[in-house]
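Right, here's the structure in full:
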C-alpha cells in the first residue's frame with residue numbers, strides 16, 4: 348500500500364444538525380469550547396506538527412499520542428486525566444485470489460467530553476462509511492457516546508463480514524477435501540493461508556471485548572457521564588463482540604479439524620495405494636515363479652516339449668486370474 352497523504356477532516360454538530368465542515372486543526376480548541384456542540388476531527392497520516400498540537404496544545408497524554416502512531420499496537424482502551432484513548436482495527440478478506448488474505452486497517456481515537464479525534468496511519472478504515480452511519484443513525488444528540496458507538500459498531504460489523512467470508516471459505520475447503528481428484532498441494536496452501544488469516548483475525552477480534560467493556564465503564568465512571576440513552580446500543584454492541592469472538596473460536600476448531608482430516612485422508616490414500624501395489628505385486632509374482640521353475644536346466648514332466656509350454660501357460664493364467672479375483676473380492680485392487 349502506498350503511503351497515505353496527510354489530511355484533516357472535521358465536522359461539528361449542534362443538536363444533531365451539522366453546523367461546520369472541515370475546519371482546521373487550529374480551530375478545534377475553539378469548537379470544543381462551545382456549548383452544546385459535538386465535534387469530530389480526523390487526522391490521516393499525522394505529521395509531527397499534528398502530533399505536537401495533540402500533545403501540547405490540546406493536552407493529550409503523551410503516551411496516548413505515541414500509541415496512536417506506534418505500529419503493531421494491540422486493540423485497547425485506556426483512561427487518562429482529560430480523555431480516554433482507544434485503538435481498534437477494521438478487517439477485510441481479500442477476494443479474487445486463490446488463498447485467503449486478511450487486510451486490517453487501524454484507527455485510534457481520543458474521547459473527549461464534547462468531541463472525538465480519530466487518527467489513522469492510512470485510509471484502510473473507511474471513515475466515509477462511518478460518517479454516513481453517524482448521520483443516518485440519528486443518535487448525534489446523545490453526544491460523544493453516539494460517535495464512539497457508531498465507530499465501534501462499524502468495525503464490529505466488518506469483523507462479522509470477514510468471519511462470514513472465512514466460514515464460506517472453510518466450506519469450500521471441506522468440499523475440496525473429499526474430492527478424489529483434489530490436488531493435495533493446493534489444499535495445503537489454502538488451509539495454511541486460512542490458518543494464518545484466522546490467527547491475524549483473532550488478534551484484532553478477541554481484544555474487542557476488553558475495549559467495549561472499558562468504554563462502557565468509562566461512560567459510567569466519567570465526571571460527566573455520557574448519555575445513558577445509548578445503554579441498550581452498547582449492550583447490543585457488546586453482544587455482537589462476544590458472538591464474533593465465539594465465531595472465531597469455532598472457525599479455529601474447524602480449521603484444525605480440516606487440517607487433521609487432511610492428514611488422515613493422506614494416510615488412508617497412501618495405505619490404499621500401498622495395498623493396490625502389494626496386490627499387483629503378488630499377481631506379478633505368479634508368472635515370475637512359474638517361468639522361473641520351468642526355466643530350470645533339470646528334466647521335469649514336459650521338459651523341452653510343447654506340453655510343458657501349455658502347462659506353464661495354464662498355470663500362469665489360472666494363478667494370476669485366481670489371485671486377481673480374490674484381491675478384487677476383498678477390494679485390494
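In the working numbering, the protein residues as written are 348 to 680. Positions of the beta carbon are idealized from the N, C-alpha and C atoms, including for glycine. Please read these numbers as outputs of a predicted model, since none were measured by experiment.
Open item on the list: Less than 7 Å between C-beta atoms, sequence neighbours within five positions excluded: which residues of the same chain meet that for residue 570?
Closed with: For residue 570, the pLDDT reaches just 42, beneath the cut-off of 50, and the residue's location in the model is therefore unreliable, although a value from the coordinates is still provided. So the list is empty, once near-sequence residues are dropped.
Task: Close-in-space but distant-in-sequence residues of the same chain around residue 476 (CB under 7 Å, 5 per side omitted) - done: 501
Task: Terminal residues of the alpha helix (DSSP H) in which residue 511 lies - done: 491-524
- [ ] Could you check how far apart the C-beta atoms of residue 313 and residue 387 are, in whole angstroms? I think they sit under 8 Å.
- [x] Since the first residue shown for the chain is 348 and the last is 680, residue 313 is missing from the structure and cannot be characterised.
- [ ] Measure the C-alpha to C-alpha separation of residue 659 and residue 668 and round it to an integer number of angstroms.
- [x] 14 Å
TODO: In angstroms with no decimal places, state the Cα-to-Cα distance between residue 507 and residue 430.
DONE: 29 Å
Task: Nearest to residue 490 (by Cα), restricted to the options 557, 605, 362 - done: 362
Open item on the list: Using only CA atoms, which one of 367, 383, 416 lies nearest to residue 353?
Closed with: For the residues 367, 383, 416, the minimum Cα distance to residue 353 belongs to 416.
- [ ] Please confirm whether residue 398 and residue 412 have their CB atoms less than 8 Å apart.
- [x] The beta carbons of residue 398 and residue 412 sit closer together than 8 Å.
- [ ] Pick out whichever of 558, 474, 615, 544 has its Cα sitting closest to the Cα of residue 446.
- [x] 544
Open item on the list: Given this structure, state the Cα-to-Cα distance separating residue 461 from residue 602, to the nearest angstrom.
Closed with: 45 Å
TODO: Taking residue 592 and residue 556 to be in contact with their CB atoms under 8 Å, please state how far apart those CB atoms are, rounded to whole angstroms.
DONE: 6 Å
TODO: May I ask you to report which of helix, strand or coil DSSP gives residue 592?
DONE: Reduced to three states, the DSSP call for residue 592 is helix.
Task: Option nearest residue 554 by Cα separation, candidates 518, 435, 540 - done: 435
- [ ] Output the distance between the C-alpha atoms of residue 526 and residue 513, rounded to the nearest integer angstrom.
- [x] Rounded to the nearest angstrom, the two C-alpha atoms are 20 Å apart.
Open item on the list: Are the CB atoms of residue 580 and residue 488 within a distance shorter than 8 Å?
Closed with: no
Task: With 16 other Cβ atoms within 10 Å as the buried cut-off, status of residue 565 - done: buried
Open item on the list: Which residue wins for smallest C-alpha separation from residue 423, given the options 560, 374, 484, 670?
Closed with: Considering only alpha carbons, the answer is 560.
TODO: Check whether the Cβ atoms of residue 368 and residue 360 lie closer than 8 Å to each other.
DONE: no
Open item on the list: One question on the structure: do residue 432 and residue 414 come within less than 8 Å of each other, judged by their Cβ atoms?
Closed with: In this structure, the beta-carbon distance from residue 432 to residue 414 falls below 8 Å.
TODO: With DSSP collapsed to three states, give me the class of residue 578.
DONE: DSSP places residue 578 in helix when its eight states are reduced to three.
TODO: Note down the Cα distance separating residue 586 from residue 551, rounded to an integer number of angstroms.
DONE: 17 Å
Task: Residue interval of the beta strand (DSSP E) (run including residue 365) - done: 364-368
TODO: Give the straight-line distance between the Cα atoms of residue 615 and residue 670, rounded to the nearest whole angstrom.
DONE: 23 Å
Open item on the list: From the DSSP secondary-structure annotation, give me the bridge partner or partners of residue 451.
Closed with: 438
Task: Which of helix, strand or coil DSSP assigns to residue 666 - done: In this structure, residue 666 counts as helix in the three-state DSSP scheme.
Task: beta strand (DSSP E) segment containing residue 460, residue limits - done: Taken as a continuous stretch (DSSP letters only), residue 460 belongs to no beta strand (DSSP E), as it is neither H nor E.
- [ ] Look at residue 537 and residue 520 and say whether their C-beta atoms are less than 8 Å apart.
- [x] Here residue 537 is near residue 520, since their CB atoms are less than 8 Å apart.
Open item on the list: Would residue 439 and residue 454 be called neighbours here (beta carbons separated by less than 8 Å)?
Closed with: no
Open item on the list: Please identify the residue among 358, 563, 383, 532 whose C-alpha is closest to the C-alpha of residue 370.
Closed with: 358
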